[in-house]
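S.K.: Shown below is the structure under consideration.
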Amino acid sequence: MTTTDMLRPFEAQMIADRRWLHEHPELSGQETQTMDYIVSALEEMGLGIHIIPNGGVIGTLNEKAEGPCVLLRADVDALPITESPENLVQTRRSISQNPGVMHACGHDAHAAMLLGAARALAVQKEAVPGCVLFVFERGEEKGGKGFLENLLPYIDEHFNVGACYATHVRWDIPAGKIAVLDGTAMAGGFGFDVTICGRGGHGSRPDLAASPIDCFCAIHQEINALRMRMIEPDQVLTYSLGMVHSGELSNVIPDQLRFAGTVRTYDTARSGEKFAQAMRSVIDHTCAAHGCSAEYTHFSKPLYEVRNHAKAAERARQAILKNVGMASLMSCQPWMASESMSAYLKLWPGVLAFTGIRNEKLGSGANHHTPQFDVDEAAMLPGAAAACAFALDFLAGRPDFGFRRDIVSMQDLVSRSI
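Heads up, the final residue of the sequence shown is numbered 838 in this note's numbering, and it's a clean run with no missing numbers.
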C-alpha cells in the first residue's frame, strides 16, 4: 500500500480541517482556538501530546520507540489581511469569519495536511517502525521569533531527531505537483526599520537645517550600489523598501525620516551577513556626514536560508516517486520568501518541499499574502502523502546523512528573523 492509498480515507477530513481552520484564522501569538482544535484532533487519534507554551503543540506516535525519530512540521498562524469573497475566478467555498484576518499563505492547508498525515500513520501505528513527531508551530509569520526559542530547545532536549520534513504550498506550482530542491529552497534575510534624526528648518534656508531627506537619498543610493560592489556574481540578494515617511509640508524641512524594508538572500553566510554589516556602516557614516544620527527600531540578525540537505532531498524524491507517482514530481526555482523551517534545517538534516496549489479553473493561483489567495484542496492529498512517504522511508532505513551542525548556539539560531 502506498502512502497515497493510506491517505485517501482521510481526504474528506483533511478538507474539513482546512475549511475550519480557514474560517477561524488567528494571528501570530493569538492561535488559541487553532491550538485547541489541533489538540482535540490529536487526542482523538490517541497520540501523545506535548503543549509548549508560546511555542506550539507536538503530537507523538510511538514516542518510546528506540532510535532516531522523524519530525514532521506545519505552521498554523494567519495574516492581518481582509479576505476577498472571490478568488481569481469564483466565489470561495469557505471564507474567514474573523474580519481583517485571513489564511493568505496556506498555513491552514499545512496544518490540515499534517493532521491528515498523523491520522494515516496513527491507524498504522503497529506498522510504523519508530517515533514520529507532528510539530504544529505558532508564530511563523513573525519569523518564529519568540516561539522558536520555546519550541526548538524543547524538541532538542526531549527527542532524538534524526530527520525533519515540512511542506509549503506554492501559488505558482500546479496542483498535484511536488518539488523537492537540493540546497536552497527559500531565502534568508533580515528586516530593518530605521529613523534618521536630523534638524528641521524653514524650506528657504536649507543651510540652517540638517535634512533627513537628503541624508536618506544618499543612504538609499549607496545601499543599492553595495550589491554591485559586494555581492559575488553567482549570489542572489535583493534589497527593497516597503515604507518611507517624512514631513508634512512642502516648505518645512522635517526633523526625522523613517524607512523600513527587507533584504533577502539565498546564502546568509556568504551574502546576508556581510551585507547587513556594510549596510549598517553606510547608514551610520552617511548620517554622520549629513549632521544626522540613526535610531534602529529594528535591524534583525539575518535569518538563515531554508537549505535542504542533499541526501535527505534525494531520499524524499525517491519516496515520493514510489508513493505519490512519477507525474507528481517537478523542478522549480527557489522561492525568495522566507520561512522559519530554516532553523529546523540548521539543527537536523531534512527537507522543505513545495506542494503546488495552482488551478486556474478553480481560481487558485493568486500570490501569497494577497486577498485573492486560495488553495486547490485536492492538492492536500499528495502533499500529505509525501510527508508520510518521507517519514516511513526514514524510519525503515534510518540512513546516516552525515549531517553536522554549524550553529553558533541555540540562542543565536532562534534570535534570527526577518
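Cβ atoms here follow ideal geometry from the backbone N, Cα and C, with glycine treated the same way.
For Phe-774 and Ala-599, I'd like the C-alpha separation in whole angstroms.
M.R.: C-alpha separation (whole angstroms): 5 Å.
S.K.: Would you report the Cα separation of Leu-491 and Ile-593, rounded to the nearest angstrom?
M.R.: Their Cα atoms are separated by approximately 25 Å.
S.K.: Would you report the Cα separation of Leu-553 and Ala-747, rounded to the nearest angstrom?
M.R.: Near 29 Å, if we compare the C-alpha coordinates of Ala-747 and Leu-553.
S.K.: If you draw a straight line from the C-alpha of Ala-689 to the C-alpha of Thr-604, how long is it?
M.R.: Taking the straight line joining both Cα atoms gives about 12 Å.
S.K.: Please go through the segment 585-673 and give each complete alpha helix (DSSP H) segment of 4 or more residues, from N-terminal end onward.
M.R.: Qualifying alpha helix (DSSP H) stretches, in chain order: 632-650.
S.K.: DSSP has Arg-493 in a bridge; who is on the other side?
M.R.: Arg-493 is bridged to Val-555, Ala-586.
S.K.: Rounded to whole angstroms, what is the Cα-Cα separation between Met-800 and Arg-684?
M.R.: So the two alpha carbons sit approximately 29 Å from each other.
S.K.: Could you say which of Gly-623, Val-589, Pro-505 lies nearest to His-530 if we only look at CA atoms?
M.R.: Ranking Gly-623, Val-589, Pro-505 by Cα distance to His-530 puts Val-589 first.
S.K.: Between the C-alpha atoms of Phe-814 and Ser-758, what's the straight-line distance to the nearest angstrom?
M.R.: For Phe-814 and Ser-758, the distance between alpha carbons rounds to 26 Å.
S.K.: Would Leu-571 and Gly-475 qualify as a contact pair, given that the criterion is a beta-carbon distance under 7 Å?
M.R.: Yes. Within cutoff.
S.K.: Near Ile-471, which residues of its chain fall below 6 Å by C-beta distance, leaving aside the five closest residues on each side in sequence?
M.R.: Closer than 6 Å at Cβ, skipping near neighbours: Val-477.
S.K.: Under 7 Å, do Thr-615 and Arg-700 count as touching if we go by C-beta distance?
M.R.: Taking 7 Å as the Cβ cut-off, Thr-615 and Arg-700 do not qualify as a contacting pair.
S.K.: Return helix, strand or coil for Glu-715, following the three-state DSSP convention.
M.R.: Strand, per DSSP.
S.K.: Would you be able to state if there are at least three C-beta pairs under 8 Å between the segment 718-734 and the segment 540-558?
M.R.: No, they do not touch.
S.K.: Are three or more beta carbon pairs between the segment 770-784 and the segment 633-648 nearer than 8 Å?
M.R.: In short, these stretches do not touch, since the Cβ pair count stays below three.
S.K.: Based on the DSSP output, what are the partners of Ser-758 in its beta bridges?
M.R.: DSSP, once it has assigned bridges, lists Ala-607 as partnering Ser-758.
S.K.: So Ser-837 and Lys-545 are in contact, right, with Cβ under 8 Å, and what is the actual spacing, rounded?
M.R.: 37 Å between Cβ atoms; not a contact.
S.K.: Between which two residues does the alpha helix (DSSP H) harbouring Ile-478 extend?
M.R.: It is not in any alpha helix (DSSP H) - Ile-478 instead sits in the beta strand (DSSP E) that spans 476-481.
S.K.: Helix, strand or coil for His-710, going by three-state DSSP, please let me know.
M.R.: Correct three-state label for His-710: coil.
S.K.: Is the beta carbon of Tyr-764 closer than 7 Å to that of Cys-584?
M.R.: A contact, by the Cβ cut-off of 7 Å.
S.K.: In three-state terms, what does DSSP make of Phe-430?
M.R.: Of the three classes helix, strand and coil, the one that applies to Phe-430 here is helix, per DSSP.
S.K.: Using 8 Å for Cβ pairs, my map puts Gly-608 next to Asn-671. What's the rounded Cβ distance?
M.R.: With 8 Å as the limit, Gly-608 and Asn-671 do not qualify as a contact, their Cβ atoms being about 44 Å apart.
S.K.: Within this structure, are the beta carbons of Phe-793 and Ala-524 separated by less than 7 Å?
M.R.: In contact: Phe-793 and Ala-524 (Cβ atoms closer than 7 Å).
S.K.: Identify every residue that forms a DSSP beta bridge with Gln-676.
M.R.: Bridge partners of Gln-676: Cys-617.
S.K.: Cα separation between Gly-662 and Tyr-686?
M.R.: Going from the Cα of Gly-662 to the Cα of Tyr-686 covers about 20 Å.
S.K.: Look at the Cβ atom of Cys-808, then the Cβ atom of Ala-540, and state whether they are nearer than 7 Å.
M.R.: Yes, these two residues count as a Cβ contact at 7 Å.
S.K.: Could you tell me the alpha carbon to alpha carbon distance between Ile-651 and Trp-768, rounded to whole angstroms?
M.R.: The straight-line gap from Cα to Cα measures roughly 29 Å.
S.K.: In terms of DSSP beta bridges, what is Phe-774 paired with?
M.R.: Answer is His-588, Ala-599.
S.K.: Looking at the unbroken beta strand (DSSP E) that takes in Ile-472, where does it start and where does it end?
M.R.: Residues 468-472.
S.K.: Any idea what DSSP makes of Gly-681, helix, strand or coil?
M.R.: In this structure, Gly-681 counts as strand in the three-state DSSP scheme.
S.K.: Hey, Met-839 and Thr-587 are a contact pair by Cβ (cut 8 Å); roughly how many whole angstroms apart?
M.R.: Any question about residue 839 goes unanswered here, given that the chain covers just 421 to 838.
S.K.: Alpha carbons only, please: which of Glu-483, Pro-674, Asp-602 is nearest the one belonging to Pro-754?
M.R.: Answer by Cα proximity: Asp-602.
S.K.: Just how far apart, CA to CA, sit Pro-519 and Arg-493?
M.R.: Distance between the alpha carbons of Pro-519 and Arg-493: 28 Å.
S.K.: Taking the CB atoms as reference points, tell me whether Gly-582 and Cys-712 lie closer together than 7 Å.
M.R.: Contact flag unset, no.
S.K.: Taking the alpha carbon of Trp-440 as the reference point, which residue from Thr-423, Asp-528, Lys-766, Cys-707 has its own alpha carbon closest?
M.R.: Ranking Thr-423, Asp-528, Lys-766, Cys-707 by Cα distance to Trp-440 puts Asp-528 first.
S.K.: What does the alpha-carbon distance come out to for the pair Ser-660 and Cys-707?
M.R.: If I take the Cα positions, the gap works out to 20 Å.
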